[in-house]
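Line by line, the protein sequences give chains S and U. Using the numbering used here, the final residue of the first sequence is 216, and nothing's skipped along the way. Using the numbering used here, the final residue of the second sequence is 1216, and nothing's skipped along the way.
There are 2 protein chains.
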Amino acid sequence: MPVARAALSADAVVDVALHLVDEDGPAALTLAAVASRAGVATPSLYKHVRNLAELRALMSVRILDDLAERIRGAVLGRSADEAIRALMMAWRDYVLGHPHRYSALDQAPEPMVAQAGDRVVDVVLAALRAYGLEDSEAIHAARCVRAAVHGFAVLEAENAFQRPEKLDETYDLLIHLVAGGLHTRQRNALPAPRPATPEPPAAASRRAPPHEVRAK
Amino acid sequence: MPVARAALSADAVVDVALHLVDEDGPAALTLAAVASRAGVATPSLYKHVRNLAELRALMSVRILDDLAERIRGAVLGRSADEAIRALMMAWRDYVLGHPHRYSALDQAPEPMVAQAGDRVVDVVLAALRAYGLEDSEAIHAARCVRAAVHGFAVLEAENAFQRPEKLDETYDLLIHLVAGGLHTRQRNALPAPRPATPEPPAAASRRAPPHEVRAK
DNA sequence: CCACTAAGCTAATGGCATTAGCCGGTGTCG
DNA sequence: CGACACCGGCTAATGCCATTAGCTTAGTGG
C-alpha cells in the first residue's frame, strides 16, 4: 500500500481549522477558508475529511482532549478541594485562552464527541476520588462539576454577563459552592429528593400562534 | 402614516422561526425555510428583519424572555431553598420541553441578547432575596445559579452525557450543591480566596504546528 | 380621487458545500 | 525494470442560500 508523499492529513486539516477559529472566530470556519490557509483547493479537503460536519466533530474531539490533558495536569499531586479548585481554574484558563475555540464546540449528538466529553469527565472523576464517593454518586458529582464549569465558561466566552461585578469573584464562589457541597456530602448517600413541586400553569404564549400568521 | 394590511411582522417572523427550530432543529433555520413556512418569498423577510443574524438575535431574546417568565412563575410564593429548587426545576423543564430551541440560542455578543440574559438573572436574583445576601454577592450567587443550570441544560440538550446514570439524580445533586452552598453562606462575606495555584506548564501541543503543514 | 408608503415580488449576484471526473506521482509486485 | 493501483491533488459543475436592487400593488390619509 503506497504511503504517498506526506502532505495534508485529517489531523493537519484540524490543526488549520483550529487556528482559523482561534483567530477569526467560529463563524469563519468554512471549508473554503481552511483550504485557502492550507494552500490547497477546497475539494481537496474531502480527501481527508468527509464533510464540514465531520471536520467540526473532529475539532470538538481535539478541543475536548486538549482540555482533558490540561486539567489532568492541573490535578496532578493535589487532592480533594485543592484538586477541584485547580481543575476548575485550569478549565477556565483554557477557555479564556481560546475563547472562540470553546464556542466552536460541536452542538450535535456526535457519539465521537460525546465520548471525548466523557474523557473530560473521567479526569474530574479522578480528581473526585479523594472524596470517597460511591461509584454512581461520583458520576453525578463529576457531571455537576462539568455542568457548572461548562455553563460558566460558555456564558463568559460569549460575554453573557453584563454587570460590572468581577467574574473572578463569581468563579470563586462557584468553586466554593461545588467543592464545599461535595465536601460536606462525602460518604453520604443522596438525601431523599423533595417531592416534586407542582408547576404553576405555564403563562400563555404572548403572541399569536405562528400559523394563521397572515391575516388576509 | 399608513398602517398597511396586517400581514407579517418582525414578531410573526420570529414565531415562524421558533416553530421551525422546534420541529427541525437549529440547523434548519434558514431564511428560505422561514419564508416558505410563512408563505412568502425569501426577500420579503428583509422588510421585517435586517438579516439572518438579527433574526437569530430576536429569537434568542424571545427564548430568554419566555424562560424568564416561566421561572418567574415557578418562584412565586416560595422562598429560599424552595424557590431555588422550583426555579431550577422549571428551567430544566423548559429546556427539555424545547431542546432545539435552547441550543439555538445565539452565540454572539449581541447586547440585546445579553440584556435578555440579565432579565433571567433578575428573576434568579429575586428568588435569592430570601438568603439576604449582600448586593454584589447576590449577583455572584445568581450568576452561579445561571451558570450551573445553563451548563447542565446545554449538555443535556446536546446529549453530552453518555453514562447510564439517571440525569434526574444528577440534577438533584446539582440543585443541592447550589441551594445548600448558598444556604450555608447567607450573610457571610466571601472567604478569602486561596492563593492562586500555580499552573503546571501546559502540555506541549500534540501535533505539528499548523503552518509549515505541507512538507515539500 | 390622488399620492405616499409599506410590504410584497422577480431577477441577479456571489459565497459556499458538495460531487464528478481527470491527472500525475509513488510505491509495490511481478 | 516496468505495469499497476492508488493516493491526493485539481478543475468544472451543481445547487442552495443570503443578500441587494428595482419594480408593483394595495391600503391610508388628505
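Even glycine gets a Cβ: it sits at the ideal position worked out from N, Cα and C.
Report task. Take Ser-1060/U and list the residues in its own chain whose beta-carbon comes closer than 6 Å to its own, dropping the five residues that flank it on each side. Result -> Position 60 of the second sequence, counted from the start, is the residue given in the question as residue 1060/U. Counting only Cβ-Cβ distances below 6 Å, and skipping sequence neighbours, we find Leu-1105, Asp-1106, Val-1113.
Requested in this report: Would you mind sorting Asn-1188/U into buried or exposed? The rule is 16 or more other CB atoms within 10 Å of its CB.
Outcome: Here the question's residue 1188/U lines up with position 188 in the second sequence. Reliability fails at Asn-1188/U, whose pLDDT of 48 lies under 50, so the model's placement of it is uncertain and no value is given.
Query raised in the report: Name the chain S residues that come within less than 8 Å of Asp-1132/U, Cβ to Cβ?
Result: Residue 1132/U sits at position 132 when you count from the first residue of the second sequence. A quick correction: the sequence has Gly, not Asp, at residue 1132/U. Ordered by position in chain S, no residue passes the 8 Å Cβ test against Gly-1132/U, which lies about 16 Å from the chain.
Query raised in the report: Per DSSP, what kind of secondary structure is His-150/S in: helix, strand or coil?
Result: Within the first sequence, the letter at position 150 stands for residue 150/S. Here His-150/S sits in helix by DSSP.
Report task. Using a Cβ cut-off of 9 Å (strictly closer), state whether Asn-159/S contacts chain U. Result -> As a working mapping, residue 159/S is identified with position 159 in the first sequence. True, the Cβ-Cβ gap to chain U drops below 9 Å.
Query raised in the report: DSSP three-state call for Leu-1105/U: helix, strand or coil?
Result: In the second sequence, the residue the question calls residue 1105/U occupies position 105. Three-state result, Leu-1105/U: coil.
Query raised in the report: Going by the CB atoms, is the gap between Leu-1055/U and Ala-1083/U shorter than 9 Å?
Result: Position 83 of the second sequence, counted from the start, is the residue given in the question as residue 1083/U. Position 55 of the second sequence, counted from the start, is the residue given in the question as residue 1055/U. Contact flag unset, no.
Query raised in the report: Where does Arg-1085/U land, buried or exposed, given buried means 16+ other C-beta within 10 angstroms?
Result: By 1-based counting over the second sequence, the position of residue 1085/U is 85. Under this definition Arg-1085/U is a buried residue.
Requested in this report: Kindly say whether Ile-63/S, judged by its beta-carbon, lies nearer than 9 Å to any beta-carbon of chain U.
Outcome: Here residue 63/S is taken as the residue at index 63 of the first sequence, counted from 1. No, because no Cβ of chain U sits closer than 9 Å to the Cβ of Ile-63/S.
Query raised in the report: What in chain S is Cβ-close to Arg-1143/U, meaning under 7 Å?
Result: The residue you call residue 1143/U lines up with position 143 of the second sequence. Near Arg-1143/U (Cβ distances below 7 Å), the residues of chain S are Phe-161, Thr-170.
Query raised in the report: Would Glu-165/S pass as a contact of His-1140/U if the rule is Cβ separation under 9 Å?
Result: Locating residue 165/S in the first sequence gives position 165, where the first residue counts as 1. Locating residue 1140/U in the second sequence gives position 140, where the first residue counts as 1. Contact: yes.
Query raised in the report: Since Asp-1118/U meets chain S, which of its residues come closer than 9 Å, beta carbon to beta carbon?
Result: Within the second sequence, numbered from 1, the residue matching residue 1118/U stands at position 118. Correct list: Ala-160, Phe-161, Gln-162, Arg-163.
Requested in this report: Would you mind stating whether Leu-20/S and Leu-8/S have Cβ atoms separated by less than 9 Å?
Outcome: In the first sequence, counting from the first residue as 1, residue 20/S sits at position 20. In the first sequence, counting from the first residue as 1, residue 8/S sits at position 8. Their beta carbons are not under 9 Å apart, which means Leu-20/S does not touch Leu-8/S by this criterion.
Report task. At 8 Å on the CB atoms, spell out the chain U contacts of Leu-31/S, in chain order. Result -> Mapped onto the first sequence, residue 31/S falls at position 31. Going along chain U, no residue has its Cβ under 8 Å from Leu-31/S, so there is no contact; the nearest lies around 16 Å.
Requested in this report: For chain S, find out if any of its Cβ atoms is closer than 9 Å to the Cβ of Val-1113/U; answer yes or no.
Outcome: As a first step, residue 1113/U is located in the second sequence; it is residue number 113 there, counting from the start. Yes, Val-1113/U counts as interfacial toward chain S.
Query raised in the report: For Ile-175/S, which option in Ala-1148/U, Phe-1161/U, Val-1154/U has the closest C-alpha, if you only look at C-alpha atoms?
Result: Indexing the first sequence from 1 puts residue 175/S at position 175. The residue with the shortest Cα to Cα distance from Ile-175/S is Ala-1148/U.
Requested in this report: Identify every run of the beta strand (DSSP E) within the region 139-183 of chain S, keeping only runs that are complete inside it and at least 3 residues long; order them along the chain.
Outcome: none
Query raised in the report: Exposed or buried, Thr-170/S, counting other C-beta atoms within 10 Å across all chains shown (16 or more means buried)?
Result: For this step, residue 170/S is matched to residue 170 along the first sequence. The residue is buried, with at least 16 neighbouring Cβ atoms inside 10 Å.
Query - Check: Asp-15/S C-beta below 8 Å from any heavy atom of the ligand ZN - result: Ligands are entirely absent from the displayed structure, and the ligand ZN is therefore not among its contents.
Requested in this report: Would you kindly work out how many angstroms separate the C-alpha atoms of Tyr-1094/U and Arg-1070/U, rounded to a whole number?
Outcome: Position 94 of the second sequence, counted from the first residue, corresponds to residue 1094/U. Position 70 of the second sequence, counted from the first residue, corresponds to residue 1070/U. One C-alpha to the other measures close to 8 Å.
Query raised in the report: Contact check, Leu-87/S vs Ala-127/S under 8 Å by CB: the rounded distance?
Result: In the first sequence, the residue the question calls residue 87/S occupies position 87. In the first sequence, the residue the question calls residue 127/S occupies position 127. Right, the Cβ-Cβ distance comes to about 5 Å (below 8 Å), so this counts as a contact.
Report task. Given a cut-off of 9 Å, decide if Ala-1068/U and Val-1123/U are closer than it, judged by their beta-carbon atoms. Result -> On the second sequence, residue 1123/U is found 123 positions in, with the first residue counted as 1. On the second sequence, residue 1068/U is found 68 positions in, with the first residue counted as 1. Cβ atoms of Val-1123/U and Ala-1068/U: closer than 9 Å.
Query raised in the report: According to a CB-to-CB cut-off of less than 8 Å, which residues of the region 88-100 of chain S neighbour chain U?
Result: Met-89, Ala-90, Asp-93
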